[in-house]
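*Asks:* Submitted below is the structure of interest, expressed as structure tokens.
Now the structure itself:
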């Protein structure tokens, strides 16, 4: 037990401190990399709530990243160029609130449809809805169409300054830890137990008297909102948002991270995101065909490391 | 005695097969009512319609005076109907206690409780241990369901139905696949329930049925051809022809 907590604490400390240290030593590139890592890890944690704990394999979660980022970009765009006075603002609370609201509503509406089906059909419908969002933003010329939208001004909050890379990174890292804690709490709650039961045997849960649809929908909405939040951070980080971010391949990457790291674990999505970002960085400097070794690695992990990378953390009760 | 469950003129077809054919059934409060019939008679289809997993084409099902014909499946346990499955259906990734906890909690209002740690729910845990002990699984309480023997899983099936504190138990072949010793354990368990609970029992084991049942309904091709106490069912000519053989 001690050892497990120690290793986990070490991982969190490393995620927070190493990039700051490297930045201090004159390598701001690693700070950027780590910021992106934390943001994607937040989305992976959100996806894990339904994919890992709920057994619902969504292939459309990049849509929420996109919605979150556009919820920052569109108000900022109107604030600068006029129009849509109701939402034209650079106020971070409004933008992030909008990101949560829009992604929550989108999850609720699509969830009502997606969750009526299971298995492959669920995967296909979640992907179809995400592609709808993709084509929606491609078609809106005002927001750049498929060229994307430059976010000229980052979200403005009192006390913190998102233009400062160190501050933005710290916010992202702390947000990640918070979201990990949040999902961990949920997974240990009565709701989490019901969700696990549904993943294990939904028919039995219905026969016991659980309205499984409602529980799945709630998890789906929470998951979508977490990814929407991650998207709002992403918009602030890249200061640019394009429909390409919503593409189904992005959704696939989020799934990679969760599966690689270990589904239904607290640290899995983070480990998956770390591995994904580092490998992408290292392999892409060696070859432009980096997806090939990456894919082979994923196959290797899935086949030979039961429970994903987080299973490599010493378990409670292990010696020493 | 009053009828707890009344089924009238129930019909259900799958393509050209009439799985339930103009079926009438009355289950009295407190009785153990066995439904027997040859394979393919439509017994499980009947249970599924009573539990709400399958909806009838026509006819009515009423429970304690309430028409539940069109009531969704997950609402029926809240009225007091619980079922077990012919093919064991449990949450294999969880422990015995966790399965029972879920069964108990299903009836305690909603579970949209996102924050309070599950493990803090001491009352439910205690109750779950009591149900485990009741079906002789006390020593297996923390074991994962997947690692239980078949007989133990069958007993947990029944315990889950009991834990939901139902007024009507629908038991779909609780003896299915059990060895002689395990079967006699299960029969003793059912005997302890007799008189305490209203039970609809589907079973192929005739010795068990004739030992346990207060009344028996015989089902052939989706239709109930006779209902009566065990003695009269044994004597019934139609039943002997249709089911028990002619010798």
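Chains as they are written, first to last, in our numbering: chain A, 5 to 324; chain B, 52 to 298.
Cβ atoms here follow ideal geometry from the backbone N, Cα and C, with glycine treated the same way.
(1) Within the chosen definition, does the stretch 225 to 242 of chain A reach the stretch 35 to 53 of chain A through at least 3 CB pairs nearer than 8 Å?
(2) Straight-line CA distance for residue 72/B to residue 274/B?
(3) Skipping 5 residues on each side, what residues in its chain have a beta carbon closer than 6 Å to that of residue 114/A?
(4) Rounded to the nearest angstrom, what separates residue 226/B and residue 184/B at their Cα positions?
(5) Cα-Cα, which of 105/A, 267/A, 286/A is closest to residue 315/A?
(6) I need the straight-line Cα distance from residue 32/B to residue 277/B, nearest angstrom please.
(7) Compute the beta-carbon to beta-carbon distance between residue 72/A and residue 231/A, rounded to the nearest angstrom, for a pair I have assumed lies under 8 Å.
(8) What are the residues in the stretch 126 to 145 of chain B lying within 7 Å of chain A by C-beta distance?
(9) According to the neighbour-count rule (16 or more other Cβ atoms, all chains shown, within 10 Å of its Cβ), is residue 298/B buried or exposed?
(10) Closest to residue 8/B by CA distance: which of 199/B, 89/B, 106/B, 88/B is it?
(11) If the criterion is Cβ atoms closer than 9 Å, does the pair residue 248/B and residue 207/B meet it?
(12) Does the separation of the CB atoms of residue 148/B and residue 193/B fall below 9 Å?
(13) Is it right to say residue 194/A is buried, meaning 16 or more other beta carbons lie within 10 angstroms of its own, or is it exposed?
(14) Take the Cβ of residue 99/A as the centre, count every other Cβ of all protein chains shown within 10 Å, and call the residue buried at 16 or more, exposed below.
(15) What three-state label does DSSP hand residue 244/A in the structure shown?
(16) Using a C-beta to C-beta distance shorter than 7 Å, which residues of chain A count as neighbours of residue 168/B?
(17) Which of the three DSSP states, helix, strand or coil, is assigned to residue 154/A?
(18) Suppose contacts are defined by Cβ-Cβ distances below 9 Å. Is residue 325/A in contact with residue 244/A by that definition?
(19) Please classify residue 29/A as buried or exposed, where buried requires at least 16 other C-beta atoms within 10 Å of its C-beta.
(20) DSSP puts residue 3/B in a beta bridge; with which residues?
(21) For my contact list, residue 215/B and residue 212/A are in at a C-beta cut-off of 8 Å; report their separation, rounded to the angstrom.
(22) Helix, strand or coil for residue 279/B per DSSP?
(23) Starting from residue 287/B, follow its DSSP beta bridges and name the residues at the other end.
(24) Relative to the C-alpha of residue 208/A, which residue among 264/B, 212/B, 254/B, 235/B is closest?
(25) Would you check if the distance between the CB atom of residue 57/B and the CB atom of residue 77/B is smaller than 9 Å?
(26) Can you give the Cα-Cα distance for residue 34/A and residue 23/A, rounded to whole angstroms?
(27) For residue 93/B, which residues from the same chain have a beta carbon less than 6 Å from its beta carbon, with the 5 sequence-adjacent residues on both sides left out?
(28) Check whether the Cβ atoms of residue 283/A and residue 273/A lie closer than 9 Å to each other.
(29) Between the alpha carbons of residue 127/B and residue 84/B, how many angstroms are there, rounded?
(30) Report buried or exposed for residue 83/A, applying the criterion of at least 16 other Cβ atoms within 10 angstroms of its Cβ.
(31) May I ask whether a heavy atom of the ligand ZN can be found less than 8 Å away from the beta carbon of residue 227/B?
(32) Go ahead and pull the three-state DSSP assignment for residue 134/A.
(33) In the DSSP assignment, find the alpha helix (DSSP H) that holds residue 235/B and state where it starts and stops.
(34) Would DSSP call residue 114/B helix, strand or coil?
(35) Within a Cβ cutoff of 8 Å, which residues of the same chain sit near residue 131/B, ignoring the five residues on either side of it in sequence?
(36) Name, going along the chain, the residues of the stretch 224 to 238 of chain A whose beta-carbon falls closer than 7 Å to a beta-carbon of chain B.
*Replies:* Per the coordinate set shown:
(1) yes
(2) 5 Å
(3) 133
(4) 19 Å
(5) 267/A
(6) This structure gives no information on residue 32/B, because the portion of chain B shown stretches from 52 to 298.
(7) 7 Å
(8) 128, 129, 134, 140, 141, 142, 143, 144, 145
(9) Note that residue 298/B scores a pLDDT of 49, beneath 50, so its modelled location is shaky; the value from the coordinates is reported in the next line. So residue 298/B ends up on the exposed side.
(10) Lying before the first or after the last residue shown, residue 8/B is absent from chain B, which here runs from 52 to 298.
(11) no
(12) yes
(13) buried
(14) buried
(15) strand
(16) 192, 193
(17) strand
(18) Any property of residue 325/A remains undetermined from this structure, which presents chain A solely from 5 to 324.
(19) exposed
(20) Nothing in the structure corresponds to residue 3/B, since chain B is present only between 52 and 298.
(21) 6 Å
(22) strand
(23) Residue 287/B is not bridged to any residue.
(24) 212/B
(25) yes
(26) 6 Å
(27) 70, 71, 273
(28) no
(29) 20 Å
(30) buried
(31) The model on display carries no ligand, and the ligand ZN is accordingly not part of it.
(32) helix
(33) 231 to 244
(34) strand
(35) 114, 115, 216, 217, 218, 219
(36) none
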